[in-house]
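Protein chains in written order, with this note's numbering: chain A, -5 to 253; chain B, 433 to 704.
Ideal placement from N, C-alpha and C gives every residue a C-beta, glycine not left out.
Everything numeric in this text was worked out from a predicted model, so none of it was measured.
Let me begin by presenting the structure, written as structure tokens, before commenting on it.
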Amino acid sequence: MMQSELVERAVPWAASLGLLLIWEIGCTLFNVPEFVLPKPTVVLAALVQWAGPIWFHASHTLITTVLGFALSVGAGVLIGIAVGSSRLAYRGFYPMLVGFNSIPKVAIVPVLVIWFGIGVVPAVLTAFLMSFFPIAVNVATGLATVEPEMEDVLRSLGAKPRDIIVKVGLPRALPYFFASLKVAITLAFVGSVISESIASNRGIGTMMVQAASDFRIALVFAGLLVTAVMGIAMYAGFAMLELRTTHWATRRMDFDADD
Amino acid sequence: MSPLLQMRGVRLVYGRRRPTLAIERLDLEIEQGRFVAVVGPSGCGKSSLMKLVTGLRRPSAGSIEVAGKEVDGPLKIVGMAFQNPTLLPWRTTLSNIMLPLEIVEPHRHQFRRERARYRQQANALLSLVGLDNFGEKYPWQLSGGMQQRASLCRSLIHEPALLMLDEPFGALDAFTREELWDVLQDLWMRRRFTTILVTHDLREAVYLADTVHVMSSRPGRIIATHDVPLERPRRPRTAYEARFMDIVAGIREQIRGERDEQPPPTLQQDHA
Chain A
-5 MMQSELVERA
5 VPWAASLGLL
15 LIWEIGCTLF
25 NVPEFVLPKP
35 TVVLAALVQW
45 AGPIWFHASH
55 TLITTVLGFA
65 LSVGAGVLIG
75 IAVGSSRLAY
85 RGFYPMLVGF
95 NSIPKVAIVP
105 VLVIWFGIGV
115 VPAVLTAFLM
125 SFFPIAVNVA
135 TGLATVEPEM
145 EDVLRSLGAK
155 PRDIIVKVGL
165 PRALPYFFAS
175 LKVAITLAFV
185 GSVISESIAS
195 NRGIGTMMVQ
205 AASDFRIALV
215 FAGLLVTAVM
225 GIAMYAGFAM
235 LELRTTHWAT
245 RRMDFDADD
Chain B
433 MSPLLQMRGV
443 RLVYGRRRPT
453 LAIERLDLEI
463 EQGRFVAVVG
473 PSGCGKSSLM
483 KLVTGLRRPS
493 AGSIEVAGKE
503 VDGPLKIVGM
513 AFQNPTLLPW
523 RTTLSNIMLP
533 LEIVEPHRHQ
543 FRRERARYRQ
553 QANALLSLVG
563 LDNFGEKYPW
573 QLSGGMQQRA
583 SLCRSLIHEP
593 ALLMLDEPFG
603 ALDAFTREEL
613 WDVLQDLWMR
623 RRFTTILVTH
633 DLREAVYLAD
643 TVHVMSSRPG
653 RIIATHDVPL
663 ERPRRPRTAY
673 EARFMDIVAG
683 IREQIRGERD
693 EQPPPTLQQD
703 HA
């Protein structure tokens, strides 16, 4: 038991390290030029050498992303509740939402820049636009799939639509909501980095574009690595939160009954 | 004594584009404290009947009176249980059972204050159905039969005057089902709430009810009424006595006869 648990914990690290190892060996074996694909060790060296600037830009991206993500959680939950609890809102808004989500967000950044200027605002908004859709859809799904019998039980007791949403719909939507947060946070990173690389003077996206035009490919890869790590860290945070708040949906048999 | 439920000439049509006649010319009268079963082929509008009586649906024609008042919206004096126990997985069993008290007036407004008393009531019900010490467990930690017991408790916690059961034991295995017949009968004998049990199991209907109403296939209406003169409590052995089997056989024959007399609706039923 203990041993298999240890293996399970080690596997993600081992797999990542393995990939880096293959990358390193491949680059050496086939003599890949550094400006095409730098070896991981070179990327690591760049990471150390440019630690100051990387932190300067990465922290900015992190804040931008979290702001945009917070907006999309707020808006996504509200839209999800509206669309999931009212047939009329569903019919009215759903096609619009789907259509909007199909638009490549890169195309919107220039428009946002015209409206709000270069800087934080377009990046926050792009992060928001990228990530609110999965949240809205998942919350709506949770609400819309309340068993009709459950609704009958509550309505026959005189429950108002609001009671049903609060007592049944929202708790029921919680696992869907957390699943969507994990998707949404990574999308938010994509959004803010896209916007930064098009129009900003700070952020990891800006840094990577500049580094690429200076042919500092190792620094570009260092930027990619940092973005990936930030994404994984946020994802892991929400996965933990999910496990704590919706234990009933994951149904592990070893949790403490505390409610 | 005036009946608790009185339905006269009730008709229910639903669907606007392709209207379906679910119930027509339905007359039904149920006296306070009686245990009544409604049986019929599936799709005969039994569930529609439930919705009409509880006020979740308005009849297209006719009148429905409960406790002397015309039903014009959801009634708060009913409890409901279905084939699917519909317990909420994020609440403990006890907290699931107390859910109606968080909704229905006047309990809703004194819920916080009276929490301890309500817990006691819920625990008392749990022990009546043989679920002592299961209150703190989550529904998904219980077996199907236990979940259905808990669902029964939830439908009774606010002491409804009328209990509506829609094939509550339909999804259980035969042993558990017959066990729960006794659980329900004991509950009823103790508290004497008026009960309407909708089922397609004739043995279940005869075992539990004072009166069995037979519904026709769509459009549903009451085509026969049988009194069950078996004394209570009825016990598993009762179900193998000749008297019991005669009543069941009589009802079954009548349903079959009814079908033969009216082949067209039966055919339509098969197509639908």
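**Prompt:** Tell me which same chain residues have a C-beta within less than 7 Å of the C-beta of B:Ile589, skipping the five on either side of it?
**Reply:** Along the second sequence, one-based indexing puts residue 589 of chain B at 157. Around B:Ile589: Ile529, Met530, Pro532, Leu533, Gln553, Ala554, Leu557.
*Could you tell me whether the Cβ of B:Gly447 comes closer than 8 Å to any Cβ of chain A?*
Walking along the second sequence from the start, residue 447 of chain B turns up at place 15. Between B:Gly447 and chain A, the shortest Cβ-Cβ separation is not below 8 Å.
Quiz prompt | Terminal residues of the alpha helix (DSSP H) in which B:Met621 lies | solution = Residue numbering aside, residue 621 of chain B sits at position 189 when the second sequence is read from its first letter. Per DSSP, B:Met621 is one residue of the alpha helix (DSSP H) stretching across 606 to 623.
_Spatial neighbours of A:Met90 in its chain, beta-carbon cut-off 8 Å, leaving aside the 5 residues before and after_ = As a position in the first sequence, residue 90 of chain A is number 96, starting the count at 1. Short of 8 Å from the beta carbon of A:Met90, and not among the five residues preceding or following it, lies no beta carbon of its own chain.
- Query: Quick one: does A:Leu151 have its CB under 8 Å from some CB of chain B?
  - Reply: Position 157 of the first sequence, counted from the start, is the residue given in the question as residue 151 of chain A. Yes, its Cβ sits closer than 8 Å to a Cβ of chain B.
Note down, in chain order, all residues in the segment 125 to 148 of chain A with a beta-carbon under 8 Å from any beta-carbon belonging to chain B. Listed by position, the residues of the segment 125 to 148 of chain A near chain B (Cβ gap below 8 Å) are Glu141, Glu143, Met144, Asp146, Val147, Leu148.
Pick out whichever of A:Asp208, A:Met144, A:Ser207, A:Ser186 has its Cα sitting closest to the Cα of A:Gly199.
-> Sequence index remark: in the first sequence, residue 199 of chain A carries index 205 (1-based). Comparing alpha carbon positions, the residue from A:Asp208, A:Met144, A:Ser207, A:Ser186 closest to A:Gly199 is A:Ser186.
Between which two residues does the alpha helix (DSSP H) holding A:Val37 run? Position 43 of the first sequence, counted from the first residue, corresponds to residue 37 of chain A. Start and end: 34 to 43.
| Just how far apart, CA to CA, sit A:Lys33 and A:Phe94? | One-based indexing of the first sequence puts residue 33 of chain A at position 39. One-based indexing of the first sequence puts residue 94 of chain A at position 100. In a straight line, the C-alpha of A:Lys33 is about 40 Å away from that of A:Phe94.
Span separating the alpha-carbon of B:Ala548 from that of B:Thr657:
Translated into positions along the second sequence, residue 548 of chain B becomes position 116. Translated into positions along the second sequence, residue 657 of chain B becomes position 225. One C-alpha to the other measures close to 44 Å.
Find the nearest neighbour of A:Ile211 within the set A:Ala9, A:Val162, A:Leu82, A:Pro27, judged by alpha-carbon distance.
Counting from 1 along the first sequence, the entry for residue 211 of chain A is found at position 217. Ranking A:Ala9, A:Val162, A:Leu82, A:Pro27 by Cα distance to A:Ile211 puts A:Pro27 first.
Tell me whether A:Glu236 sits in a helix, a strand or coil according to DSSP, three-state version.
If you number the first sequence from 1, residue 236 of chain A lands on position 242. Residue state, collapsed to three classes: helix.
(message) Rounding to the nearest angstrom, what Cα-Cα distance links A:Ala205 and A:Trp17 in this structure?
(response) One-based indexing of the first sequence puts residue 205 of chain A at position 211. One-based indexing of the first sequence puts residue 17 of chain A at position 23. The straight-line gap from Cα to Cα measures roughly 21 Å.
Could you spell out where the alpha helix (DSSP H) holding B:Tyr550 opens and where it closes?
-> Along the second sequence, one-based indexing puts residue 550 of chain B at 118. From DSSP, the alpha helix (DSSP H) with B:Tyr550 extends over 547 to 560.
* Using the beta-carbon count (16 or more within 10 Å), is B:Asp598 buried or exposed? -> As a position in the second sequence, residue 598 of chain B is number 166, starting the count at 1. Per the 10 Å Cβ criterion, buried.
Since B:Thr518 contacts A:Met144 with CB under 8 Å, what's their CB separation in whole angstroms?
Working through the second sequence from its first residue, we reach residue 518 of chain B at position 86. Working through the first sequence from its first residue, we reach residue 144 of chain A at position 150. At roughly 5 Å, the Cβ-Cβ gap stays under 8 Å, so B:Thr518 and A:Met144 are in contact.
Report task. For chain A, find out if any of its Cβ atoms is closer than 8 Å to the Cβ of B:Arg684; answer yes or no. Result -> Mapped onto the second sequence, residue 684 of chain B falls at position 252. No, B:Arg684 does not count as interfacial toward chain A.
| Buried or exposed: which applies to A:Thr22, given that a residue is buried once 16 or more other Cβ atoms fall within 10 Å of its Cβ? | By one-based count along the first sequence, residue 22 of chain A stands at place 28. That one is exposed.
Measure how close the beta-carbons of B:Gly567 and B:Thr524 come, nearest whole angstrom, since I'm counting them as under 8 Å. Taking the first residue of the second sequence as position 1, residue 567 of chain B is located at position 135. Taking the first residue of the second sequence as position 1, residue 524 of chain B is located at position 92. So it is a contact: roughly 7 Å between Cβ atoms.
- Message: So, with DSSP's three-state summary, where would you put B:Ile431?
- Response: Only positions 433 to 704 of chain B appear in this structure, which leaves residue 431 of chain B out of reach.
Using a Cβ-Cβ distance under 8 Å, would A:Lys176 count as near chain B? Locating residue 176 of chain A in the first sequence gives position 182, where the first residue counts as 1. No, A:Lys176 lies away from the interface with chain B (no Cβ there is under 8 Å from its Cβ).
For the segment 482 to 499 of chain B, which residues have a beta carbon sitting closer than 9 Å to at least one beta carbon of chain A? Cβ contacts with chain A come from Met482, Lys483, Thr486, Gly487, Leu488.
Does the beta-carbon of B:Tyr672 have 16 or more other beta-carbons within 10 angstroms, so that it is buried, or is it exposed?
The count along the second sequence starts at 1 and reaches residue 672 of chain B at position 240. So B:Tyr672 counts as exposed.
**Request:** Measure from the alpha carbon of A:Ser150 to the alpha carbon of each residue in B:Glu456, B:Arg489, B:Arg675, then state which is nearest.
**Result:** As a first step, residue 150 of chain A is located in the first sequence; it is residue number 156 there, counting from the start. The candidate whose alpha carbon is nearest that of A:Ser150 is B:Arg489.
### Query
Three-state secondary structure (DSSP) at A:Ile192?
To locate residue 192 of chain A, count along the first sequence from 1; it is residue 198. Three-state result, A:Ile192: helix.
Closest by C-alpha distance to B:Arg540, when choosing among A:Asp208, A:Lys154, A:Ala167, A:Tyr170
Taking the second sequence and counting its residues from 1, one reaches residue 540 of chain B at position 108. Ranking A:Asp208, A:Lys154, A:Ala167, A:Tyr170 by Cα distance to B:Arg540 puts A:Lys154 first.
Straight-line CA distance for B:Gly494 to B:Leu526? As a first step, residue 494 of chain B is located in the second sequence; it is residue number 62 there, counting from the start. As a first step, residue 526 of chain B is located in the second sequence; it is residue number 94 there, counting from the start. Annotation: B:Gly494 to B:Leu526 spans about 40 Å, alpha carbon to alpha carbon.
(Q) On the DSSP letters alone, give me the boundaries of the alpha helix (DSSP H) that A:Ser150 sits inside. (A) For the purposes of this step, residue 150 of chain A is taken as residue 156 along the first sequence, with counting starting at 1. Residue range 142 to 150 is occupied by the alpha helix (DSSP H) that includes A:Ser150.
Just grab the DSSP bridge partners of B:Ser495 for me. For the purposes of this step, residue 495 of chain B is taken as the residue at position 63 of the second sequence. Answer by DSSP bridge pairing, in chain order: B:Arg440.
**Request:** Measure the CB-CB distance between B:Arg682 and B:Gly472 and report whether it falls below 8 Å.
**Result:** As a working mapping, residue 682 of chain B is identified with position 250 in the second sequence. As a working mapping, residue 472 of chain B is identified with position 40 in the second sequence. Strictly speaking, residue 682 of chain B in this sequence is Gly, with Arg absent from that position. For the pair B:Gly682 and B:Gly472, the CB atoms are not nearer than the 8 Å cut-off.
Checklist entry - Under 8 Å between C-beta atoms, does B:Glu534 make it to chain A? => result As a first step, residue 534 of chain B must be located in the second sequence, where it is residue number 102. Interface residue, yes.
Next item on the list: Indicate whether A:Ser79 and A:Leu137 have their beta-carbon atoms separated by less than 8 Å.
Entry: Taking the first residue of the first sequence as 1, we reach residue 79 of chain A at position 85. Taking the first residue of the first sequence as 1, we reach residue 137 of chain A at position 143. Yes, Cβ-Cβ distance for A:Ser79 and A:Leu137 is below 8 Å.
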